[in-house]
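Numbering (my numbering), first residue to last: 52 to 345.
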């Protein structure tokens with residue numbers, strides 16, 4: 052009787068390398084994470100056609116993060132995108148597969164989370180740039196530390212962790228000020244608190260895996276896979292649930308085909324359609340911006 056499900060042949064096609072490497076069960080788990088990301092990506096893309104005008108920014112942001120995550124976890128499930136590194140800790144276990152694809156994911160995913168939290172809370176673009184740069188310093192420092200073959204890797208870990216602490220402080224403090232002003236303080240604290248709780252676990256996961264070499268490649272992927280699923284797919288749908296009750300006119304998130312137009316004088320058909328639900332502002336269209344004057 053033929054098997055209903057074919058065996059995972061990824062490790063046969065792309066053989067693992069190093070003494071500590073991805074196992075077949077680990078690859079199965081990574082395919083599961085890939086499927087979660089892929090399903091979430093398709094769902095978000097489909098839901099974007101039914102979003103209110105202001106909500107579309109969150110669909111755009113998380114669609115990008117979910118697509119990049121799907122590609123990255125696909126690469127790791129297929130046992131690709133890695134470098135074999137001789138670790139500085141527990142050298143008796145031999146060299147180790149370090150998958151750089153997960154760091155590429157974070158370079159995209161963390162700024163998406165930052166923008167999703169920052170835009171509705173009304174923080175300045177300068178603050179968003181600052182927070183995004185901190186997230187990149189955090190991720191790149193951990194990446195360099197993972198590839199460092201001596202105990203000097205912990206210096207990069209320290210630099211990255213300091214960047215994370217600055218990032219956590221900024222997201223919680225700066226974002227809360229504007230969120231309270233727009234009457235979305237409770238929603239913001241729920242989302243920002245959840246994100247920062249998960250971010251707190253990333254240094255721990257790195258310290259026992261790519262950094263400290265205390266757990267194997269497959270257990271580390273279980274740890275990181277759970278964190279990433281909770282951080283991106285779950286948080287993305289949580290944003291949609293909260294965003295349904297936000298006043299986008301007050302948030303000044305009136306994104307339409309004419310651009311971000313809430314503060315301008317004018318009548319915009321897209322905004323009229325959702326003005327009752329989204330708090331849009333309408334007015335008189337200047338002659339040059341509408342139909343020609345007879």
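We put the CB at the ideal spot given by N, CA and C, even for glycine.
Nearest by alpha-carbon distance to residue 153: which of 193, 86, 146 is it?
Closest option to residue 153, Cα to Cα, is 193.
Which first and last residues belong to the beta strand (DSSP E) in which residue 149 is found?
Taken as a continuous stretch (DSSP letters only), the beta strand (DSSP E) holding residue 149 covers 147-150.
Quick one: what's residue 136 bridged to in DSSP?
The partner list for residue 136 (beta bridge, DSSP) reads 147.
Do residue 246 and residue 131 come within 8 Å of each other at the CB atom, strictly closer than that value?
Cβ atoms of residue 131 and residue 246: not closer than 8 Å.
For the pair the stretch 110-128 and the stretch 72-88, tell me if three or more CB-CB distances fall below 8 Å.
The stretch 110-128 is in contact with the stretch 72-88.
Roughly how far, in whole angstroms, is the beta-carbon of residue 68 from the beta-carbon of residue 135, given that I think they are within contact range, below 8 Å?
With a Cβ gap of about 5 Å, residue 68 and residue 135 count as contacting.
With DSSP as the reference, identify every bridge partner of residue 71, one or two as the case may be.
DSSP lists 147 as partners of residue 71.
Okay, do the stretch 94-104 and the stretch 153-163 touch, 3+ Cβ pairs below 8 Å being the bar?
They do not touch, by the three-pair rule.
Beta-carbon within less than 6 Å of residue 178's beta-carbon, same chain only, minus the 5 sequence neighbours each way: which residues are those?
Answer for residue 178: 225, listed in chain order.
Grouping DSSP H, G and I as helix and E and B as strand, with all else coil, what is residue 102?
Coil at residue 102, not helix or strand.
I want to check one thing, is the minimum distance from the CB of residue 75 to the heavy atoms of the ligand ZN below 7 Å?
With respect to small molecules bound, the structure shown includes none, and the ligand ZN cannot be examined in it.
Could you give the DSSP three-state label for residue 131: helix, strand or coil?
Coil, per DSSP.
If you reduce the DSSP assignment to three classes, tell me which class residue 66 lands in.
Coil, per DSSP.
Just the Cα atoms here: how many angstroms apart are residue 229 and residue 274?
Using only the alpha carbons, I get a separation of about 34 Å.
Using 8 Å as the threshold, is the C-beta distance between residue 287 and residue 113 below it?
In this structure, residue 113 lies closer than 8 Å to residue 287 by Cβ.
Kindly indicate which residue of 80, 250, 262 has the alpha-carbon position closest to the one of residue 220.
The residue with the shortest Cα to Cα distance from residue 220 is 250.
Taking buried to mean at least 16 other C-beta atoms within 10 Å of its own C-beta, is residue 241 buried or exposed?
Counting Cβ neighbours within 10 Å, residue 241 comes out exposed, since fewer than 16 surround it.
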